[in-house]
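Single-structure report; data block below.
2 protein chains.
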Amino acid sequence: MTPSEPVLPDEQLASYRASIDNIDAALVHLLAERFKITQAVGHHKAAIGLPPSDPAREQDQIARLRSLAVEAGLDPAFTETFLRFIVDEVIRHHQLIAEQPSP
Amino acid sequence: MTPSEPVLPDEQLASYRASIDNIDAALVHLLAERFKITQAVGHHKAAIGLPPSDPAREQDQIARLRSLAVEAGLDPAFTETFLRFIVDEVIRHHQLIAEQPSP
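Keeping their order, the protein sequence lines are chains A and B.
Taking our numbering, the leading residue of the first sequence gets -7, the next gets one more, and so forth.
Taking our numbering, the leading residue of the second sequence gets -7, the next gets one more, and so forth.
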């Protein structure tokens, strides 16, 4: 590029970013739906006296998602860390629900 | 429940978990697609000499996703932490790409 050429907007980068923004909107909406369900799970567990976390269930989830990740071309170690990140937030919610005084 | 009643499988919990598993499969596939795009961004940035991270872009993403989260009923603070978690992994990938010797 010579100094006299105008700097063009980076259309390639803008196109990539538009796709990332679409995917992120989908991720946010899926996460919102997932937390709606886990809130219901939290109330259900509190009602019947189950503990907030379930290590055996979490091991099953990790194994399944690692396998799905490999099929989808996603790093399975990252996927496990991702699930841990979500589940930690869920357990925090379940603990808050379990600590609420009964009506 | 009297001692003579059999312990029934928890169908309500199983139903919630089946929905969570479906959502998690969708999340894994969306994340795989998102990383395919950010890998392309990484190569594009390395080719034209842009740095791996772009704080102004990240601020725009945070503001947009916090707003989407509120509409969707998701905790905006959690959403920001979630985006940070994903973007940190992306920047790590971009740094690896930028450090690769040119062919």
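Don't be surprised by glycine CBs; every beta carbon is placed ideally from N, CA and C.
C-beta neighbour in chain B for residue i, strict 8 angstroms
{"i": "leucine 88 of chain A", "result": "no"}
{"i": "glutamate 3 of chain A", "result": "no"}
{"i": "alanine 61 of chain A", "result": "yes"}
{"i": "methionine -7 of chain A", "result": "Since pLDDT at methionine -7 of chain A reaches only 48, below the 50 mark, its modelled position is unreliable, and the value read off the structure follows with that caveat. No, no contact with chain B."}
Below-8 angstroms beta-carbon distance, residue i vs any chain A residue
{"i": "arginine 76 of chain B", "result": "no"}
{"i": "valine 33 of chain B", "result": "yes"}
{"i": "glutamine 51 of chain B", "result": "no"}
Same chain, Cβ closer than 8 angstroms to residue i, five either side skipped, listed in chain order
{"i": "aspartate 67 of chain A", "result": "Ala61"}
{"i": "isoleucine 15 of chain A", "result": "none"}
{"i": "glutamate 72 of chain A", "result": "Ile54, Leu57 and Arg58"}
Chain-ordered chain A contacts of residue i [CB-CB under 7 angstroms]
{"i": "glycine 41 of chain B", "result": "Within 7 angstroms Cβ-Cβ: nothing; glycine 41 of chain B doesn't reach chain A, min ~12 angstroms."}
Collapsed DSSP secondary structure at residue i in the structure displayed
{"i": "proline 68 of chain A", "result": "helix"}
{"i": "leucine 42 of chain B", "result": "coil"}
{"i": "proline 93 of chain A", "result": "coil"}
{"i": "aspartate 13 of chain B", "result": "helix"}
{"i": "proline 47 of chain B", "result": "helix"}
{"i": "aspartate 2 of chain B", "result": "coil"}
Chain B contact residues for residue i, given Cβ-Cβ distances below 7 angstroms
{"i": "alanine 64 of chain A", "result": "Val20, His21 and Ala24"}
Interface partners of residue i on chain A, CB under 8 angstroms
{"i": "glutamate 81 of chain B", "result": "Phe70"}
Cutoff 7 angstroms; reference residue i; Cβ partners in own chain excluding five residues on either side
{"i": "glutamate 50 of chain B", "result": "Val79"}
{"i": "histidine 35 of chain B", "result": "Ile89"}
{"i": "alanine 38 of chain A", "result": "Ile89 and Ala90"}
{"i": "valine 33 of chain A", "result": "none"}
{"i": "histidine 86 of chain B", "result": "Gly34, Lys37 and Pro44"}
Contact set for residue i: own chain, Cβ-Cβ below 6 angstroms, skip 5 residues either direction
{"i": "phenylalanine 27 of chain B", "result": "none"}
Neighbour flag for residue i against chain C, beta carbons, 8 angstroms
{"i": "proline 44 of chain B", "result": "Considering every chain present, this structure includes no chain C. Its protein chains are A and B."}
| Mind listing which residues of the region 10 to 35 of chain B have their C-beta closer than 8 angstroms to chain A's C-betas, in chain order? | Ser11, Ile12, Asp13, Ile15, Asp16, Ala17, Ala18, Leu19, Val20, His21, Leu22, Leu23, Ala24, Glu25, Arg26, Phe27, Lys28, Ile29, Thr30, Ala32 and Val33
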